[in-house]
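*Asks:*
2 protein chains.
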Amino acid sequence: MNDMQRIKEDYPWIQTPVVVGAPMRLIALADMAVEISKAGGIGFIGAGTDVSDLDSHLSSAQTLLSALPSPLPTKPHTLPIGVGFINWGADLSAAMPLIQKYKPCAAWFFAPSSLSSLAAWTQQTRQASPATKIWVQVGSVQDAISAVSTADADVLVVQGTDAGGHGLAHGASLMSLLPEVHDALSVSAGVGPLLIAAGGIAESRSACAAVLLGADGVCLGTRFLACPEASIASGYQAEVLRATDGGQVTVRTKVYDHLRGTTGWAETHNARGIVNRSYFDAVGGMDVEENKRLYEAEMEKGDEGWGEHARMTAYAGTAVGLVREVKGAGDIVKEIREGVKVVLKGAKMML
Amino acid sequence: MNDMQRIKEDYPWIQTPVVVGAPMRLIALADMAVEISKAGGIGFIGAGTDVSDLDSHLSSAQTLLSALPSPLPTKPHTLPIGVGFINWGADLSAAMPLIQKYKPCAAWFFAPSSLSSLAAWTQQTRQASPATKIWVQVGSVQDAISAVSTADADVLVVQGTDAGGHGLAHGASLMSLLPEVHDALSVSAGVGPLLIAAGGIAESRSACAAVLLGADGVCLGTRFLACPEASIASGYQAEVLRATDGGQVTVRTKVYDHLRGTTGWAETHNARGIVNRSYFDAVGGMDVEENKRLYEAEMEKGDEGWGEHARMTAYAGTAVGLVREVKGAGDIVKEIREGVKVVLKGAKMML
Chain A
1 MNDMQRIKED
11 YPWIQTPVVV
21 GAPMRLIALA
31 DMAVEISKAG
41 GIGFIGAGTD
51 VSDLDSHLSS
61 AQTLLSALPS
71 PLPTKPHTLP
81 IGVGFINWGA
91 DLSAAMPLIQ
101 KYKPCAAWFF
111 APSSLSSLAA
121 WTQQTRQASP
131 ATKIWVQVGS
141 VQDAISAVST
151 ADADVLVVQG
161 TDAGGHGLAH
171 GASLMSLLPE
181 VHDALSVSAG
191 VGPLLIAAGG
201 IAESRSACAA
211 VLLGADGVCL
221 GTRFLACPEA
231 SIASGYQAEV
241 LRATDGGQVT
251 VRTKVYDHLR
261 GTTGWAETHN
271 ARGIVNRSYF
281 DAVGGMDVEE
291 NKRLYEAEME
301 KGDEGWGEHA
311 RMTAYAGTAV
321 GLVREVKGAG
331 DIVKEIREGV
341 KVVLKGAKMM
351 L
Chain B
352 MNDMQRIKED
362 YPWIQTPVVV
372 GAPMRLIALA
382 DMAVEISKAG
392 GIGFIGAGTD
402 VSDLDSHLSS
412 AQTLLSALPS
422 PLPTKPHTLP
432 IGVGFINWGA
442 DLSAAMPLIQ
452 KYKPCAAWFF
462 APSSLSSLAA
472 WTQQTRQASP
482 ATKIWVQVGS
492 VQDAISAVST
502 ADADVLVVQG
512 TDAGGHGLAH
522 GASLMSLLPE
532 VHDALSVSAG
542 VGPLLIAAGG
552 IAESRSACAA
562 VLLGADGVCL
572 GTRFLACPEA
582 SIASGYQAEV
592 LRATDGGQVT
602 VRTKVYDHLR
612 GTTGWAETHN
622 ARGIVNRSYF
632 DAVGGMDVEE
642 NKRLYEAEME
652 KGDEGWGEHA
662 RMTAYAGTAV
672 GLVREVKGAG
682 DIVKEIREGV
692 KVVLKGAKMM
702 L
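Chains as they are written, first to last, in this note's numbering: chain A, 1 to 351; chain B, 352 to 702.
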């Protein structure tokens, strides 16, 4: 069975190349996840570090899926959407009954506090819902090898440094990371996990590039910030549309975590966001307490609180400069899937 | 005339997709440049910040080219190799007589002290050798727009953050940078310069990805560190072969510039190299003078001075983990050019 057959067997409703919606905490909820899966992609609910609302989000997704005129073909006993956890913060014992109850097609693990914690999440998830596939997000070759040996991951989400939001503070982009991970796993494992590429992909050209680099599918976050199904403030969304020259206008930093009080991240991780006044003040030496006070005051402003001269955080990847319109999540999935074929055809003619 | 016709007219000996050898200072000299061009690529001599040896390098290249059984087809009045300058340090008045004398097919400009300096280099080069094409290395969308408006660049070398050696300290990888540059120039210029992709490319998969991202050709540096034609210490070359997990084992930093006394670089630029004891000592707080003293002592050790526990600098990009053997520069060019077609064919079947 080749990789494309495997992916079609595990997620029978998808079309290839598969487009995945990143489990963005607070932003990717039932509406987005269901729209993405309806369009032949794989949608995720971002549970993140806190599973207290997850029951209600999964219940909403189940209701939306039940209301479809024709149900999505799924593997028996699974819901055709996944759930993403930030493992260092999420409560394993609270999560397991929900995995057992809803049986998401995939459980995506990211930033566990240790490999033994990753092993515990994996083992208990497989026990709670045997058909749920284990996805592990990695940012290095060593991470990838560990995820296979520790969790026997079904899927590795290989994240390059262009990605928005949290990831390894230090690393490579998909250009070299993906081929090196691909080779390392082929050498060490024979038949490896499926590889989903994340980081810097917002449209067809980069999606196609990721496939040629060795990915079985692509994952987009930043692009889905600009869809009506995103649970996102208008000010944040406007900032995503405004930003250009994505490598210059975004930065990997811990500053936004400090301001927002999300202090549980390991030293190895930070997050990419659009630069703003908070960031420049921090770099300029402003005391973190003063910066935080200004940040909290800015929250009162609502949508006006976002912008290059404002203080609210807009996490986004370097591909933000390629996000130029608000478009339905399902239409984004179809645009990218069809676009990949067009790009490939064009390249073939060029060569 | 499409881009492929343009590139074939300007460099008649090349085969597509064109593979370019980066003008690595002290390392890419006549032997490497000629081998790369002989194989249908475009070889560069790295003059860097110092043109005092350039006459002798160009003379050697001319001799090697004259000795070929059948001469490479060139545009009239050009040598089928290029020269790369680091403009903030290179002496314009010393360089121009050499450009006039040898007429390299391309003059590659990087890190000028100002846009007016870039304009002066461009204008005087075109006067000294009208057939010499102007290549400008850029690392952001804004850089790209400026290079077109200031220098009417014939070629932009678009460098992503994975690249080894010097480049912008802060930016995006080719995954998002190349499509955004492509779009920005199409919008602002109609018919734009040719785009050559650099940064993170060491083999066929990433070369093919770069083409799909919008490149007319690819430039490799790190890969050519492991060819017999490189003017490189064995210890450095061994370090390139040893290093794996390229995003983890390399870092962008100014530490190596401080140790080596190459202090003329702007604050906007740093360089990617393999981490070693010098780097960890610097991060650990060692005084720069003490670190420099230890570095200089290490120079006495010859090839033993390189390694993860040693102190000599090994500049390399994140693709270093994909460099696994020493191979002739010409064979590398052919491997990549033919490999791109194989990768493309494989992807088409997969989709």
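Yeah, the Cβ is synthetic: ideal placement off N, Cα and C, and Gly gets one too.
Just so we're clear, the structure is a prediction, and the values are computed from it rather than from any experiment.
On the DSSP letters alone, give me the boundaries of the alpha helix (DSSP H) that asparagine 627(B) sits inside.
*Replies:* Premise fails: asparagine 627(B) is in no alpha helix (DSSP H) and is neither H nor E.
*Asks:* So does the region 211-223 of chain A actually touch the region 330-340 of chain A, counting three or more Cβ pairs closer than 8 Å?
*Replies:* With the cut-off at 8 Å, the region 211-223 of chain A and the region 330-340 of chain A touch.
*Asks:* From glycine 598(B) to alanine 172(A), what distance separates their C-alpha atoms?
*Replies:* If you take the alpha carbons of glycine 598(B) and alanine 172(A), they lie about 4 Å apart.
*Asks:* Relative to the alpha-carbon of lysine 652(B), which residue among Met663(B), Glu659(B), Asn642(B) and Lys643(B) has its alpha-carbon at the smallest distance?
*Replies:* Closest option to lysine 652(B), Cα to Cα, is Met663(B).
*Asks:* Could you confirm whether any beta carbon from chain B is found closer than 8 Å to the beta carbon of leucine 225(A)?
*Replies:* Answer no: the Cβ-Cβ gap between leucine 225(A) and chain B never drops below 8 Å.
*Asks:* Can you tell me whether glutamine 237(A) is buried or exposed, with buried defined as 16 or more other CB within 10 angstroms of its CB?
*Replies:* Glutamine 237(A) should be labelled buried.
*Asks:* So histidine 166(A) is in the beta strand (DSSP E); what residue range does that whole segment cover?
*Replies:* Counting along the chain, the beta strand (DSSP E) containing histidine 166(A) begins and ends at 165-168.
*Asks:* Compare the C-beta of serine 464(B) against all C-beta atoms of chain A and say whether one is closer than 8 Å.
*Replies:* No, serine 464(B) lies away from the interface with chain A (no Cβ there is under 8 Å from its Cβ).
*Asks:* From what residue to what residue does the beta strand (DSSP E) around glycine 545(B) run?
*Replies:* Per the sequence shown, residue 545(B) should be read as leucine rather than glycine. Note, leucine 545(B): beta strand (DSSP E), 545-549.
*Asks:* Can you give me the start and stop residues for the beta strand (DSSP E) that arginine 252(A) sits inside?
*Replies:* Unbroken beta strand (DSSP E) run through arginine 252(A): 250-253.
*Asks:* Looking at the C-beta of glutamate 360(B), does it have a partner C-beta in chain A at a distance below 8 Å?
*Replies:* For glutamate 360(B), the answer is no, since every Cβ of chain A falls outside 8 Å of its Cβ.
*Asks:* In the DSSP output, which residue or residues are listed as bridge partners for lysine 484(B)?
*Replies:* Lysine 484(B) is bridged to Ala457(B).
*Asks:* Under 9 Å Cβ-Cβ, which residues of chain A neighbour proline 374(B)?
*Replies:* Correct list: empty, because the minimum Cβ distance to chain A is about 20 Å.
*Asks:* Could you name the residues of chain A that threonine 595(B) contacts, counting a contact when the two beta carbons are closer than 7 Å?
*Replies:* Near threonine 595(B) (Cβ distances below 7 Å), the residues of chain A are Val141.
*Asks:* Look at the Cβ atom of proline 448(B), then the Cβ atom of glycine 433(B), and state whether they are nearer than 8 Å.
*Replies:* Not a contact, by the Cβ cut-off of 8 Å.
*Asks:* Please classify isoleucine 352(A): does DSSP put it in a helix, a strand, or coil?
*Replies:* Residue coverage of chain A in this structure runs from 1 to 351, which leaves residue 352(A) outside it and unanswerable.
*Asks:* Using beta carbons (cut-off 8 Å, strictly below), is glutamine 248(A) in contact with chain B?
*Replies:* At least one chain B Cβ lies under 8 Å of glutamine 248(A).
*Asks:* Looking at the C-beta of leucine 241(A), does it have a partner C-beta in chain B at a distance below 8 Å?
*Replies:* Judged by the 8 Å Cβ criterion, leucine 241(A) is not in contact with chain B.
*Asks:* Figure out for me which residue from Thr253(A), Thr150(A) and Thr244(A) has the closest Cα to the Cα of glutamate 531(B).
*Replies:* Of Thr253(A), Thr150(A) and Thr244(A), the residue nearest in Cα terms is Thr244(A).
*Asks:* Please confirm if glycine 160(A) has its CB atom under 8 Å from at least one CB of chain B.
*Replies:* Chain B contact via Cβ: present.
*Asks:* Can you give the Cα-Cα distance for phenylalanine 85(A) and alanine 373(B), rounded to whole angstroms?
*Replies:* The straight-line gap from Cα to Cα measures roughly 43 Å.
*Asks:* Use the C-beta contact count for arginine 293(A): other C-beta atoms within 10 angstroms, 16 or more gives buried, fewer gives exposed.
*Replies:* Classification for arginine 293(A): exposed.
*Asks:* Report the residue from Ser497(B), Ala514(B), Arg628(B) and Lys696(B) whose alpha carbon sits nearest the alpha carbon of leucine 507(B).
*Replies:* Leucine 507(B) has its Cα closest to that of Ser497(B), out of Ser497(B), Ala514(B), Arg628(B) and Lys696(B).
*Asks:* Tell me the residue span of the beta strand (DSSP E) that contains leucine 436(A).
*Replies:* Residue 436(A) lies beyond the stretch modelled for chain A, which goes from 1 to 351, so this question has no answer here.
*Asks:* For the alpha helix (DSSP H) that contains valine 492(B), what are its first and last residues?
*Replies:* Counting along the chain, the alpha helix (DSSP H) containing valine 492(B) begins and ends at 492-502.
*Asks:* Pick from Ser59(A), Thr49(A) and Gly321(A): whose alpha carbon is nearest that of leucine 225(A)?
*Replies:* It is Gly321(A) whose Cα lies nearest to the Cα of leucine 225(A).
*Asks:* If you follow the beta strand (DSSP E) that glycine 372(B) is in, where does it begin and where does it stop?
*Replies:* Unbroken beta strand (DSSP E) run through glycine 372(B): 369-372.
*Asks:* Could you have a look at cysteine 559(B) and say whether DSSP puts it in helix, strand or coil?
*Replies:* In the structure shown, cysteine 559(B) sits in a helix (DSSP, three-state: H, G or I).
*Asks:* Would you say histidine 517(B) reaches chain A, if we count a Cβ-Cβ gap shorter than 8 Å as a contact?
*Replies:* With 8 Å as the cut-off, histidine 517(B) does not count as an interface residue toward chain A.
*Asks:* Quick one, which residues of the region 622-655 of chain B are near chain A if we go by CB-CB under 9 Å, in chain order?
*Replies:* Cβ contacts with chain A come from no residue of the region 622-655 of chain B.
*Asks:* Determine whether the beta carbon atoms of glycine 192(A) and histidine 269(A) lie at a separation below 8 Å.
*Replies:* The answer is no: Cβ separation not under 8 Å.
*Asks:* Is tyrosine 666(B) near alanine 622(B), with beta carbons less than 8 Å apart?
*Replies:* Yes, Cβ-Cβ distance for tyrosine 666(B) and alanine 622(B) is below 8 Å.
*Asks:* Would you identify the three-state DSSP class for asparagine 353(B), choosing helix, strand or coil?
*Replies:* It is coil, neither helix nor strand.
*Asks:* With 8 Å set as the bound, which would you pick, yes or no: does the beta-carbon of glutamate 196(A) sit closer than that to a beta-carbon of chain B?
*Replies:* Reading off the sequence shown, one finds isoleucine at residue 196(A), where the question assumed glutamate. No, isoleucine 196(A) lies away from the interface with chain B (no Cβ there is under 8 Å from its Cβ).
*Asks:* Indicate the three-state DSSP secondary structure (helix, strand or coil) for tyrosine 607(B) in the structure shown.
*Replies:* Correct three-state label for tyrosine 607(B): helix.
*Asks:* If the cut is a Cβ gap below 7 Å, which residues of chain A does isoleucine 552(B) touch?
*Replies:* Met175, listed in chain order.
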